[in-house]
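Undergrad:
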Amino acid sequence: MSSFVHTDSAADFCRDVLPSLFYVSNWWQVYEINEPYFAATVLPVLRHLWSLAVEEQWYVVWPIVVAWLLRRRVPGWLVCGGAAVVVMVFTAAWIREGDAFRTNWLYLGTLSRSSGLLVGAALAFWWFRRPALLGSRSAVAGVAAVIGLVVLLGTQHVDSVVLYRGGLIAATLASALLIAAVLHDGPVARGFAVRPLVEIGRRSYGLYLWHWPLFVFFDARDSVGRLALVLAVTVVVNEIVYRFVETPARRGDVVSRLRRVDRRLIAGVAIALLAIVGVSSVKLVSIEARNIAVDTSGDEVAFELPAVTTMAPVAS
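The sequence shown begins at 1020 in this note's numbering and counts up by one.
1) Just mark Arg-1309 as buried or exposed, buried being the case when its beta carbon has 16 or more other beta carbons within 10 Å.
2) Considering only the alpha carbon of each residue, which of Val-1256, Gly-1095, Arg-1209 and Phe-1234 lies closest to Arg-1148?
3) Do three or more CB pairs link the region 1071–1081 to the region 1090–1105 at distances below 8 Å?
4) In three-state terms, what does DSSP make of Leu-1088?
5) With a threshold of 6 Å on Cβ separation, who are the neighbours of Ala-1190 within its own chain once the five nearest residues in sequence on each side are excluded?
6) Please name the residue, chosen from Leu-1062, Trp-1047, Phe-1041 and Leu-1152, that lies closest to Asp-1353 on a Cα-to-Cα basis.
7) Note the first and the last residue of the continuous alpha helix (DSSP H) segment covering Ile-1219.
8) Apply the 10 Å Cβ neighbour rule to Thr-1174 and answer buried if 16 or more other Cβ atoms are within range, or exposed otherwise.
9) Over what stretch of residues does the alpha helix (DSSP H) that includes Glu-1054 continue unbroken?
10) What does a CB cutoff of less than 8 Å around Ser-1179 pick up in its chain, not counting 5 residues either side in sequence?
11) Can you check whether the CB of Ala-1158 is closer than 7 Å to the CB of Gly-1117?
12) Taking the CB atoms as reference points, tell me whether Val-1105 and Gly-1161 lie closer together than 7 Å.
13) Let me confirm a value: Tyr-1078 is counted as buried when at least 16 other C-beta atoms fall within 10 Å, else exposed. Which label applies?
14) The alpha helix (DSSP H) spanning Phe-1109 covers which residue range?
15) Ignoring anything shorter than 4 residues or poking outside the region 1134–1179, list the alpha helix (DSSP H) runs there in chain order.
16) Once the 5 residues before and after Arg-1121 are set aside, which same chain residues still bring their CB inside 8 Å of it?
17) In whole angstroms, give me the CA-to-CA distance for His-1176 and Leu-1182.
18) Assuming contact is defined by CB atoms lying nearer than 7 Å, are Arg-1245 and Phe-1236 in contact in what I supplied?
19) Suppose you measure from the CA of Val-1213 to the CA of Trp-1081; what does that come to, to the nearest Å?
20) Expressed to the nearest angstrom, what Euclidean distance is found between the alpha-carbon atoms of Tyr-1126 and Arg-1132?
21) Enumerate in chain order the residues of its own chain whose CB-to-CB distance from Val-1165 is below 6 Å, with the five nearest sequence positions on each side excluded.
22) Please classify Gly-1220: is it buried, with 16 or more other beta-carbons within 10 angstroms of its beta-carbon, or exposed?
23) Between Ala-1199 and Leu-1152, which are expected to be in contact by the criterion C-beta below 8 Å, what is the C-beta distance as a whole number of angstroms?
24) Would you call the CB atoms of Ala-1140 and Leu-1168 closer than 7 Å?
25) Rounded to whole angstroms, what is the Cα-Cα separation between Ala-1103 and Ile-1290?
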């Protein structure tokens, strides 16, 4: 749908599909697009999938690390915590003021983003050994963590050198402290267990995945009204997907749910999807056609075709 409405987004969508499918979208954006993440003139529909790429890359590496740690009988919290410190120091040392490439690399890169994952892993190893991690101090620690995260949210920005020289570290440690606090029964844990927060948490990643394509579709960057519309539509679309796709998939009863759905409804949805794909395809062809230059000044007609974009090799 975004491809149909915005011609620039259409071309970017086609370009970004393969990196997204193979979970290398973050490195694709660093080395191929190489445009400041929050200062982009064009908003690719799949740009937000960089975080999913980092997550999936972690899932490939992490089981190997765990197997090695268990085999060596090395304290997992110590190894993961030490690795996180190394990554944080590297991030702080490598950032440069006004260097867009380094900012993108550190914001989107798997290595720099692994610091938070490593701290979380260290916390998991430590908690497994000592469940009473904070004890009676959990309430104070939890409140301090929440206040710290709110302050960081209001003061830090992706382009700020301070973010990479302490901001991300502070956010990571505050998040870990908050997680440790809610693992203990107390006011903080009960506060985060209220029904609205629990339901939002269950839907949070779906809200993240849906909000960006809708944001691009409605071109809501410079309009408060359209932004409000995007937020409302995101909640509705995500709720439909959560109830009829995500929840049945987790429970393993997708087939039985589909059997209860009216076949006419399924046919209607299928026809609508085919229509969207078909119209979008025609739109994409017309976009490419408009990029073809024709020279009729001589005796022969010369066509100048647009350059073909190839995927840059993914950094290892």
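Quick reminder that beta carbons are idealized off the backbone N, C-alpha and C, glycines included. Computed from a predicted model, the values in this text were never measured in an experiment.
TA: The structure says:
1) Position 290 of the sequence shown, counted from the first residue, corresponds to residue 1309. Its pLDDT being 49, under 50, Arg-1309 is placed unreliably by the model, and nothing is read from it.
2) For the purposes of this step, residue 1148 is identified with residue 129 of the sequence shown, where counting begins at 1. Closest option to Arg-1148, judged by alpha-carbon separation, among Val-1256, Gly-1095, Arg-1209 and Phe-1234: Gly-1095.
3) Contact fails: fewer than three Cβ-Cβ distances are below 8 Å.
4) Numbered from 1 along the sequence shown, position 69 holds the residue referred to as residue 1088. Here Leu-1088 sits in helix by DSSP.
5) The residue you call residue 1190 lines up with position 171 of the sequence shown. Cβ neighbours of Ala-1190 beyond the five flanking positions: Leu-1171.
6) An answer regarding residue 1353 cannot be provided, because it is not within the stretch 1020 to 1335 covered by the chain.
7) For the purposes of this step, residue 1219 is identified with residue 200 of the sequence shown, where counting begins at 1. Element bounds for Ile-1219: 1214–1236.
8) Locating residue 1174 in the sequence shown gives position 155, counting from the first residue. Under this definition Thr-1174 is an exposed residue.
9) Locating residue 1054 in the sequence shown gives position 35, counting from the first residue. In the DSSP assignment, Glu-1054 falls outside any alpha helix (DSSP H), carrying neither H nor E.
10) As a working note, residue 1179 is residue 160 in the sequence shown. Closer than 8 Å at the Cβ level, and outside the excluded window around Ser-1179, lie Gly-1186.
11) The residue you call residue 1117 lines up with position 98 of the sequence shown. The residue you call residue 1158 lines up with position 139 of the sequence shown. Going by C-beta atoms, Gly-1117 is not nearer than 7 Å to Ala-1158.
12) The residue labelled residue 1105 in the question sits at position 86 within the sequence shown. The residue labelled residue 1161 in the question sits at position 142 within the sequence shown. No. Outside cutoff.
13) Locating residue 1078 in the sequence shown gives position 59, where the first residue counts as 1. Burial state of Tyr-1078 is exposed, judged by a 10 Å Cβ sphere holding fewer than 16 other Cβ atoms.
14) In the sequence shown, residue 1109 corresponds to position 90, counting from 1. 1095–1113 is the extent of the alpha helix (DSSP H) around Phe-1109.
15) If we require 4 residues or more, the alpha helix (DSSP H) runs fully inside the region 1134–1179 come out as 1157–1174.
16) The sequence position of residue 1121 within the sequence shown is 102, counting from 1. Same-chain partners within the cutoff: Trp-1113, Ile-1114 and Arg-1115.
17) As a working mapping, residue 1176 is identified with position 157 in the sequence shown. As a working mapping, residue 1182 is identified with position 163 in the sequence shown. Spanning the two alpha carbons is a distance of roughly 7 Å.
18) On the sequence shown, position 226 is the one that residue 1245 refers to. On the sequence shown, position 217 is the one that residue 1236 refers to. In this structure, Arg-1245 lies away from Phe-1236, with their beta-carbon atoms at least 7 Å apart.
19) By 1-based counting over the sequence shown, the position of residue 1213 is 194. By 1-based counting over the sequence shown, the position of residue 1081 is 62. In this model, Val-1213 and Trp-1081 are separated by some 32 Å (Cα to Cα).
20) Counted from its first residue, the sequence shown places residue 1126 at position 107. Counted from its first residue, the sequence shown places residue 1132 at position 113. Roughly 7 Å between the two C-alpha positions.
21) Taking the sequence shown and counting its residues from 1, the one referred to as residue 1165 is at position 146. Closer than 6 Å at the Cβ level, and outside the excluded window around Val-1165, lies no residue.
22) Within the sequence shown, the letter at position 201 stands for residue 1220. Gly-1220 counts as exposed, since fewer than 16 other beta carbons sit within 10 angstroms of its beta carbon.
23) Here residue 1199 corresponds to residue number 180 of the sequence shown, with the count starting at 1. Here residue 1152 corresponds to residue number 133 of the sequence shown, with the count starting at 1. Sure, about 5 Å apart at Cβ, within 8 Å.
24) What you label residue 1140 is simply residue 121 of the sequence shown in a count that begins at 1. What you label residue 1168 is simply residue 149 of the sequence shown in a count that begins at 1. At least 7 Å separates the beta-carbon of Ala-1140 from that of Leu-1168.
25) For the purposes of this step, residue 1103 is taken as residue 84 along the sequence shown, with counting starting at 1. For the purposes of this step, residue 1290 is taken as residue 271 along the sequence shown, with counting starting at 1. Roughly 50 Å between the two C-alpha positions.
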